[in-house]
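Numbering (my numbering), first residue to last: 13 to 538. Note that the Cβ used here is the ideal one computed from N, Cα and C, for glycine as well.
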Amino acid sequence: MALANKYRPNSFSEVIGQENAVVALRNIIKNQSFHNGYIFSGTRGVGKTTLGRLFAKALNCTNYDAEKGETCNVCSNCVEIQKNSHLDLIEIDAASRTGVDDMRELLESVQYRPSQGKYKVYLIDEVHMLSPQSFNAMLKTLEEPPGHVIFMLATTEANKIPKTIVSRCLQFNLKLVSDELIAKNLKRVFTNEKVATDDKSVDLLVELAKGSVRDSLTLADQAISHCDGNLTEQEVSKLHGVLDISSTTKLFEAIFSNSIDDVISEIKRYKLLDVNYDILFDRALSFLHANMVNNVLSDEESNQDLHLYYQFFTNGLIDAKQTGNKRDCFDIAVLRCLTFSEQSKNKLKKKPKLVKKQEPKLTASKEEPQKIESPEISIKPVEPLGDISSKKNGIELSPDNWFGLFEQLDLSGPSRAFFSNLQLQKVEKKTLFFNGIALFAERINEEDSINLIESLNRLGHEGYSVEVESSETVKNTPSQEWIKNRNKDIQEFRKEIINSELLMNLKENFGEEITEDKIIIIDHEE
Ligand SMILES: [Zn+2]
């Protein structure tokens, strides 16, 4: 008998990792406050149909202990339901019976009283697969079901169930089961089955199960027969194509140090070993995630790289799912990281040594820019593009008119990106003094400066030169100004939403207080 069946929970207390749902189901029976239908949603193997069956058993058990919330497991109803032969527990796999005729036939039986127990329970698995007509037929019964009928709908994709159905049911979102609980359960099973294991082999099975109790037991089954009852890390790794966890660290060390040969030889090794690329993707992403969290307080530049690497791997994972070619997609993600780290290295190598006038005043770079009175006059002169000549030697550039002017520059690409992140600190003798954090300041090369100067020329501001200094922090950059304005727009949009009809509707349907903090506005321009 497969372990997954042998160790399927027989009572609520044996359910692993779904305490919230169990407590709620026990209370429903204790208080006899029933809904017409129940939805159990969650990924595969977390206990959806198991909970449905246990609930059906509890409803029909003749000796149910409402205080403890446990079935007796000996009355005929309990025994029949455990054997899956109870006449009043009707299980349907919606994946194979999607048609409206199937549903009509099923619903015709709803009116008949239960033959053995107190309740007739319809447990429909993968309910999201039903056709719209089938859902419609079901809806009519759900609106006014006979008192002895209870619907239980299990699904991995609750979002595909029509709202009209969802609104008539009580929904349980089952969580992924934690690694600790899965490990504990596996160890219990192995002890029971008299299977020898080492800790690492159990860890590998837990990692592969990804929060699914059923998967963990199926994987254990395979491992037991492969290893002939003695599970070792080496054998389980071989069986499932999983590498030692340190190999991910090794790969990233090679990427960080830009050792192309090491990276390529790792990729080749993976291919030879025919490894499990799902696990490789998972490990790469969690490695990067852990490092990004650790680095949050350290220097920004290395974290920027990690963010990019993370993006390469998430994109790779999406491509892998679409194309089915996981190995190629993983390799490409790795190569993208390499290309990127090579580029950024080269960039630093040819980092321009800008002419640095040893002007003592530059030490003031960390302080606020000097305030200049009446900023409102500043933007005006640069607005009309037509009469460039007239303002040629007119208004002087200054930190106060910089934002307005920057908007009008025809600067593009990296030059625009870099300068938008710098602060124009002061203008002296036709020299623009910028400062900014190293990430931007040190990447500006001569070409970027020339681009800026030429762009200024085209707006009639001629004869300027550019100086750039690195600083620890930076204030008042065009880019910060954009974010400020964008946030203002978002706040206004938020206000609009809060007073909108849409929100009134939501409040009505969800019956709960929707407060401002529950509204998340996703800014697609970011
Ligand atoms: Zn019983």
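Item, Value
"Ligand 1 heavy atom lying under 8 angstroms from the CB of Lys-69", "yes"
"Proximity below 9 angstroms, CB of Val-189 to CB of Val-58", "yes"
"Limits of the beta strand (DSSP E) - the one that Asn-197 falls within", "No beta strand (DSSP E) holds Asn-197; the alpha helix (DSSP H) holding it covers 191–204."
"Coil, strand or helix - Arg-20 by DSSP", "coil"
"Inter-residue Cα distance where the pair is Ala-450 and Thr-244", "50 angstroms"
"Any non-hydrogen atom of ligand 1 within 8 angstroms of Val-133 CB", "no"
"Under 9 angstroms between C-beta atoms of Asn-72 and Leu-101", "yes"
"Gly-448 (DSSP reduced to helix, strand or coil)", "strand"
"Residue closest to Asn-48, alpha-carbon to alpha-carbon, out of Arg-56, Lys-280, Glu-466, Glu-155", "Glu-155"
"Cβ pair count under 8 angstroms reaching 3, the region 264–282 against the region 338–352", "yes"
"Inter-stretch contact at 8 angstroms, needing at least 3 Cβ pairs: the region 96–110 / the region 122–133", "yes"
"For Ser-467 and Asp-12, believed in contact at Cβ under 8 angstroms, the rounded distance", "Residue 12 is absent from the model: the chain starts at 13 and stops at 538."
"Expected contact under 8 angstroms - CB spacing of Gly-129 and Asn-171 to nearest Å", "Wrong, their Cβ atoms sit about 33 angstroms apart, outside the cutoff."
"Spatial distance of Asp-77 from Thr-83 (CA atoms)", "6 angstroms"
"Heavy atom of ligand 1 within 8 angstroms of Cys-84 beta-carbon", "yes"
"Close-in-space but distant-in-sequence residues of the same chain around Ser-146 (CB under 6 angstroms, 5 per side omitted)", "Val-112, Met-115"
"Span separating the alpha-carbon of Gly-253 from that of Gln-123", "53 angstroms"
"Lys-363 (DSSP reduced to helix, strand or coil)", "Note on Lys-363: pLDDT 38, under 50, position unreliable in the model; the coordinate value appears next. DSSP places Lys-363 in coil when its eight states are reduced to three."
"Residue of Leu-231, Glu-205, Val-207, Asn-204 minimising C-alpha distance to Leu-216", "Leu-231"
"Delimiting residues of the alpha helix (DSSP H) encompassing Asp-501", "490–510"
"Integer Cβ distance of Gln-183 from Ser-53, believed to fall under 8 angstroms", "6 angstroms"
"Contact test: Thr-260 Cβ vs ligand 1 heavy atom, cutoff 8 angstroms", "no"
"Straight-line gap, Phe-324 to Asp-211 (C-alpha atoms, nearest Å)", "33 angstroms"
"Closest by C-alpha distance to Thr-110, when choosing among Ile-93, Ser-213, Tyr-282, Asp-137", "Asp-137"
"Separation of Lys-487 from Ala-33, as counted between CA atoms", "51 angstroms"
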